[in-house]
Amino acid sequence: MASWLVVWFVVGIVSTLAILACLIGLVRHVLILGRTVKQLQEELQPITDDLAKEGQRAGEHLAAIGDRRRGGSSSGAASQTPG
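Residue 74 in the working numbering sits at position 65 of the sequence shown, with consecutive numbering throughout.
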């Protein structure tokens, strides 16, 4: 009976060590992934800033075009009739 107890004890210890090794590897990969994401963000930040500025500028340009169209005539029906 005691030999089975020793076998289960050894199996439990080996399983625990295997799970700990997997967890250590997982934590290591998470740390590497975090560093990589930080580097990627630092590299892409200027590009995203430029895109945001261009998007804002395009929105302002579109608003200005819309204001000119609306401001050119007093009613929508008058602007649709051929002149």
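From the three backbone atoms N, C-alpha and C, an ideal C-beta is built for every residue, glycine too. Keep in mind it's a predicted model, so treat the numbers as computed, not measured.
Discussion item. Rounded to the nearest angstrom, what separates residue 21 and residue 41 at their Cα positions?
Written reply: Within the sequence shown, numbered from 1, the residue matching residue 21 stands at position 12. Within the sequence shown, numbered from 1, the residue matching residue 41 stands at position 32. Roughly 30 Å between the two C-alpha positions.
Worksheet entry | Proximity test, residue 15 beta-carbon vs the ligand FMN heavy atom, cut-off 7 Å | No copy of the ligand FMN occurs in the structure displayed, which carries no ligand at all.
Worksheet item: What number of angstroms, rounded off, separates the C-alpha of residue 76 from the C-alpha of residue 50?
Response: The residue labelled residue 76 in the question sits at position 67 within the sequence shown. The residue labelled residue 50 in the question sits at position 41 within the sequence shown. Rounded to the nearest angstrom, the two C-alpha atoms are 38 Å apart.
Fill in: Pairwise C-alpha distance: residue 38 and residue 19
As a working note, residue 19 is residue 10 in the sequence shown. As a working note, residue 38 is residue 29 in the sequence shown. In a straight line, the C-alpha of residue 19 is about 29 Å away from that of residue 38.
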